[in-house]
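Residue numbers (the working numbering), protein chains in the order written: chain A, 152 to 350; chain B, 152 to 350; chain C, 152 to 350.
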Amino acid sequence: MILTGNEIRAQMGKNIVIEPFREEQINPNSYNLTLHDELLTYEELVLDMRKPNRTKRIKIPAEGLVLNPNQLYLARTVERTETHNFVPMIEGRSSIGRLGLFVHVTAGFGDIGFCGYWTLEMFAVHQVRIYPFLPICQIIYHQVVGEVTEYSSNKYQNNQDIQPSMIYKELMPDWEAGGDGQKTFDFEPELVTAESREG
Amino acid sequence: MILTGNEIRAQMGKNIVIEPFREEQINPNSYNLTLHDELLTYEELVLDMRKPNRTKRIKIPAEGLVLNPNQLYLARTVERTETHNFVPMIEGRSSIGRLGLFVHVTAGFGDIGFCGYWTLEMFAVHQVRIYPFLPICQIIYHQVVGEVTEYSSNKYQNNQDIQPSMIYKELMPDWEAGGDGQKTFDFEPELVTAESREG
Amino acid sequence: MILTGNEIRAQMGKNIVIEPFREEQINPNSYNLTLHDELLTYEELVLDMRKPNRTKRIKIPAEGLVLNPNQLYLARTVERTETHNFVPMIEGRSSIGRLGLFVHVTAGFGDIGFCGYWTLEMFAVHQVRIYPFLPICQIIYHQVVGEVTEYSSNKYQNNQDIQPSMIYKELMPDWEAGGDGQKTFDFEPELVTAESREG
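This is how it looks when you write it as structure tokens:
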């Protein structure tokens, strides 16, 4: 069973926390979440599931930013949520999907007990101009059956920022914990200046 | 809880309307919906969430149409549906997904009370030939918990056609209501003819 | 209602079979499934919904394989599952989605009664190195309401391998059953050698 908008309101401060919460973001069976003004993109030639992958931070200015196709943008919601005894789930809004913008990559479900900002995985079919703080997705709540053991993990719980994948921690449990989580390039970036071209 | 196919049949004419309805489209826990014979594509260099975006209409002939990768196609179901007291949801069929054809862009959930045709957001990984009236997706129904306030909106309720995104109505509430909803190009389309090329 | 991890464990050997089953793959409201070491890609210029489409088999070696963008890879889970009286559903894991790797193409839901390996439809936004036997996705179980009629089909039930789309069986019911399910090219592959170019 999915919680109606009225039931989401009734659960606020009990099993559900959404901060900030605004009445007008309630839908018949979901609640709209908004886009924060920062993005991360990966800075690697080939991503690798066994290693941390470097990222770059991009600001979305008030006048908007054009997303390009063939590029993954990680983002986060403005809202921090906590969910107990329900399964929270992120879904795109149809108004966003109709512009060809994916907001997650087959991974809409959260875990019971998840606390934090939602990392969005954005992928655009066509160039599309986005704006900070727009209602980009919705959160949906499913009831559960069975005894609850809440989510706890060293990966994404209580995150404070956009969170790139940390699957390397799981696949490579001996990964040096004291490192800076950054991979170094094992090649020399090519330096081509006007001068060296002429030379 | 998700309605079984038998329960969908039992709810027909009560909380659920599907027109036309054909017994053979019932699945164990969903109902197959079919593709109408028209598509819309956007006609803009860059889509913009704050403006209406122009579209072009394409007919799918009986002999099929090849969809191209890197292109969003909006389509609609043949079926008009009404759903009360359940959450309706559109999902791809596995036979369609196994050919690399997305039928929605992270926006499968509808709202309790939605009445109309379902707009599909189609995106193909490889070139793929599609045919009109084929069973392209399935509708799934979730039970709800809590008091129901049905969907009503000036965006997509009681639509009669494929519906491009109307998020600009929400982001720019002062958008001129009397306009034709069409953006004009602010550049002159380049005219290149065989003659001008030779000239 | 979605089954908690504890309820999935309690249903094992009753309504749910997962083989092999490992306690550490249980999540708060799902169970992680792992990637087998083989992939299929289509070998057609244009895929066609009315015909079988040829495929090629690729092995994922222990040192990993780099997936390319703009390419669909069919894969399967190591695990064979059986589900009675619940709706099984496949979802990506967020750690995988955060690397831009889709594991299904809008077709996460299975049917009540489905028995077999899960065919995954993988699509990468960026080049990404994957490894055999990694936990790639999760299975989620929904309770149902209504009388159950289990899935039975000549398409995917009791499959033993990765299963390409068989929608042609449905769209073209007279398709020659005795054939090898392989389409033949109706053009001569172009032969261009250094010699013929100079000639």
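All C-beta atoms in this analysis are idealised placements derived from N, C-alpha and C, irrespective of residue type, glycine included.
- Contacts with chain A (Cβ-Cβ distance below 8 Å) from the region 170-193 of chain C involve ASN178, PRO179, ASN180 and SER181, listed in chain order.
- For B:ALA161, there is no enclosing beta strand (DSSP E); the enclosing alpha helix (DSSP H) has its first and last residue at 156-162.
- Residue state for C:TYR268 is assigned as strand, using DSSP reduced to three classes.
- Between C:ILE247 and A:GLU272, the alpha-carbon positions lie close to 10 Å from each other.
- Taking A:ALA161 as reference, the option from B:GLY297, B:ASP325 and B:PRO171 with the minimal CA-CA separation is B:GLY297.
- In this structure, DSSP gives A:GLY215 a state outside helix and strand, which the three-state scheme calls coil.
- Leaving aside the five residues that flank C:ASN305 on each side, the residues in its chain whose CB is nearer than 7 Å to its CB run, in chain order, LYS320.
- Contact note: B:TYR302 reaches chain A through PRO179, using a C-beta cutoff of 7 Å and chain order.
- Using a CB distance below 8 Å, the part of the region 292-316 of chain C facing chain B consists of HIS293, GLN294, VAL295, VAL296, GLY297, GLU298, VAL299, THR300, GLU301, TYR302, LYS306, TYR307, GLN314, PRO315 and SER316, ordered along the chain.
- By the rule that beta-carbons nearer than 8 Å mark a contact, C:THR270 touches chain B.
- One alpha carbon belongs to A:TYR193, the other to B:PHE284, and they sit about 41 Å apart.
- Per DSSP, A:LYS202 lies in no beta strand (DSSP E) segment and is marked neither H nor E.
- For C:PHE253, the C-beta contacts it makes with chain A under 8 Å involve VAL256 and THR257, in order along the chain.
- Using a Cβ distance threshold of 8 Å, B:VAL238 and A:ILE153 count as a contacting pair.
- Excluding residues up to 5 positions away in sequence, THR234, HIS235, ASN236 and PHE237 lie with their Cβ nearer than 8 Å to the Cβ of C:ASN166 in the same chain.
- The alpha-carbon of C:GLU230 is positioned some 30 Å away from that of C:ASP199.
- Taking a contact as a CB-CB distance under 8 Å, the pair C:PRO220 and A:ASN219 does not count as one, their CB atoms being some 13 Å apart.
- With three or more CB-CB distances shorter than 8 Å, the region 250-265 of chain A counts as touching the region 250-258 of chain B.
- Separation of A:SER316 and A:LYS202 (C-alpha to C-alpha, rounded to the nearest whole angstrom) is 10 Å.
- At a cut-off of 8 Å between C-beta atoms, B:VAL276 does not count as an interface residue with respect to chain A.
- Here DSSP, grouped into helix, strand and coil, assigns B:TYR319 to helix.
- Straight-line measurement puts the Cα of A:LYS207 at about 13 Å from the Cα of A:ASP312.
- Residues of the region 214-230 of chain C that bring their beta carbon within less than 9 Å of a beta carbon in chain B comprise ASN221, GLN222, LEU223 and LEU225, in sequence order.
- For B:GLY243, the three-state secondary structure derived from DSSP is strand.
- Among the CB atoms of chain B, none fall inside 8 Å of the CB of A:GLU321.
- Using beta-carbon distances, A:ILE263 counts as an interface residue toward chain C, with a partner under 8 Å.
- Pairing C:VAL217 with C:VAL299 gives a Cβ-Cβ distance that is not under 8 Å.
- In the DSSP assignment, B:VAL254 falls outside any beta strand (DSSP E) and carries neither an H nor an E.
- Contact annotation: B:LEU250 and A:VAL276 have beta-carbon atoms that are not nearer than 8 Å.
- At least one CB atom of chain A sits nearer than 8 Å to the CB of B:VAL197.
- Around A:GLY248, the beta-carbon contacts reaching into chain B at under 7 Å are HIS255, VAL256, THR257, ALA258 and GLU272.
- Taking 8 Å as the upper bound for CB-CB distance, A:GLY264 and C:PRO179 are in contact here, some 6 Å apart.
- Shown here for B:MET240: same chain residues with a beta carbon closer than 8 Å to its own, the five before and five after excluded, namely GLY259, PHE260, GLY261, ILE290, ILE291, TYR292 and HIS293 in chain order.
- Across the structure, B:THR185 and C:PRO171 are spaced so that their CA atoms are roughly 37 Å apart.
- Check the Cα spacing between A:THR155 and each of A:SER181, A:ILE169 and A:MET163: the tightest is with A:SER181.
- In this structure, A:GLN308 sits away from A:GLY243, with a CB-CB distance that is not shorter than 8 Å.
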